[in-house]
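Position in the sequence shown (from 1) plus 5 gives the number in this note's numbering.
Yeah, the Cβ is synthetic: ideal placement off N, Cα and C, and Gly gets one too.
Just so you know, these numbers come straight off a predicted model, no measurement behind them.
First the structure, in the form of structure tokens, and then the observations on it.
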Amino acid sequence: MKIILAKPRGFCAGVERAIKCVEQAIERYGVPVYVLNDIVHNKAVVEDLRAKGAVFVKDMDDVPPGSHLLFSAHGVGPKRWDKAKDLNLEVIDATCPLVEKVHYEARSFASKEYTIVLIGEEGHDETVGTMGWAPDHIKLVISKEDVEALDIPDTSRLSYITQTTLSVEDCQEIIDALKERFPAIQGPPKADICYATSNRQAAVRAIAPEVDIVLVVGDRESANSTRLAEIAAEYHKPSYLISHAGMIEASWLDGVETVLLTSGASVPDSLVEDVIDYLRSRGPCELVERELARENVHFRLPAAIA
Ligand code: SF4
């Protein structure tokens with residue numbers, strides 16, 4: 006069997022930074038440090054940090070006053086910041102700088118009294134956080150049908166922003182629909198879908214046509230991992246989103262000669278290596294890494310732990 010390993014895959018700069026934030030906070034302040042929600046959408050990462058002394062909470066009321074609390078890579082709205090202040094918590098902000106860029110755009114358009122169309126998934130941590138920065142201005146859409154249904158009183162002050170982890174193509178279709186319906190709509194100066202999302206998707210699009218099946222390592226909660234599996238399916242290839250090698254069913258591999266293996270931006274490469282080990286355990290494999298783009302992005306840690 007031939008395994009084509011997509012590159013780039015796995016950890017992006019925002020996820021690397023978020024994980025490092027937790028590790029450095031533990032090193033500097035001792036355990037426990039608290040993390041609101043999952044620091045990134047990957048159970049293996051969360052369990053690893055839990056074992057090191059991080060305590061994950063869904064509710065800030067569960068954090069003892071005076072404790073250190075991390076906000077996750079997906080970001081939060083201002084109400085969370087206010088509440089942290091009320092509870093006398095020391096916040097370490099692990100929000101990805103590329104998500105912060107979208108927060109800034111939301112605040113900026115809102116300050117000019119624009120209506121903001123946010124293209125994003127309802128209930129996703131990032132979307133919830135972004136909406137929090139301009140709750141009275143944002144209308145959420147995720148399809149062209151949603152665009153058709155929009156009711157915009159003043160189309161001369163209208164803008165759009167997007168979640169960072171959408172399908173590039175699907176998002177573009179929605180943006181095109183917005184521009185067709187509202188020609189004066191303004192967008193962000195630079196696309197909100199981040200470099201890591203775009204690169205991982207482009208690699209799948211480039212390689213999927215030449216393989217028999219696609220294995221995407223990532224959790225269901227991870228938007229960018231889910232997108233990779235959906236994009237592979239567009240090429241009419243059997244495509245499976247797996248959290249770990251143990252989820253692979255042997256029958257998926259019957260008659261398969263070539264596999265595309267990739268992973269979402271929150272996935273440690275050790276989980277990909279486990280999949281390679283499993284495939285090798287079934288018989289001889291040729292492993293080829295295909296690099297479609299070079300990534301050299303790094304984000305500085307917050308001052309409190311740098
Ligand atoms: S996927 Fe993109 S926006 Fe999300 S954490 Fe990674 S770099 Fe940041």
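Start-to-end residues for the beta strand (DSSP E) that takes in residue i
| i | result |
| --- | --- |
| Y245 | S244 to I247 |
| E300 | Note, E300: premise wrong, no beta strand (DSSP E); not H, not E. |
| I143 | I143 to V146 |
| Y165 | L163 to T167 |
| Y39 | V38 to L41 |
| A59 | A59 to V62 |
Any non-hydrogen atom of the ligand SF4 closer than 7 Å to residue i Cβ
| i | result |
| --- | --- |
| V104 | yes |
| T202 | yes |
| N229 | yes |
| G80 | no |
| C101 | yes |
| C199 | yes |
| V133 | no |
| V20 | yes |
| T167 | no |
| T267 | no |
| A208 | no |
| C26 | no |
| A234 | no |
| C17 | yes |
Alpha carbon of residue i to alpha carbon of residue j, nearest angstrom
| i | j | result |
| --- | --- | --- |
| L306 | A189 | 38 Å |
| P70 | N229 | 34 Å |
| E127 | H79 | 14 Å |
| Y165 | V62 | 32 Å |
| S113 | D279 | 45 Å |
| T167 | D197 | 6 Å |
| A234 | R295 | 18 Å |
| V104 | D130 | 11 Å |
| D156 | D66 | 38 Å |
| G15 | D159 | 42 Å |
| Y34 | L94 | 13 Å |
Close Cβ partners of residue i (< 7 Å) along its chain, the five nearest in sequence each way excluded
| i | result |
| --- | --- |
| C26 | L75, I97, A99, L306, P307 and I310 |
| I2 | Residue numbering for the chain in the displayed model covers 6 to 311; residue 2 lies beyond these limits and cannot be assessed. |
| D43 | V51, F61 and S77 |
| L292 | I8, L10 and I281 |
| D224 | H46, N47, K48, S230 and S248 |
First and last residue of the uninterrupted alpha helix (DSSP H) at residue i
| i | result |
| --- | --- |
| Y34 | A18 to Y34 |
| K7 | Run containing K7: none in the alpha helix (DSSP H); it sits in the beta strand (DSSP E), K7 to K12. |
| L75 | Careful: L75 lies outside any alpha helix (DSSP H), inside the beta strand (DSSP E) at H73 to F76. |
Rounded distance between the beta-carbons of residue j and residue i, thought under 8 Å
| i | j | result |
| --- | --- | --- |
| V20 | A270 | 6 Å |
| F187 | L163 | 5 Å |
| A49 | L276 | 6 Å |
Beta-carbon proximity list for residue i, same chain, < 6 Å, skipping 5 on both sides
| i | result |
| --- | --- |
| R232 | S172 |
| M136 | I143 |
Sequence-distant residues of the same chain with beta carbon closer than 8 Å to residue i, five excluded per side
| i | result |
| --- | --- |
| A237 | V209, A213, V219, V221, S244 and L265 |
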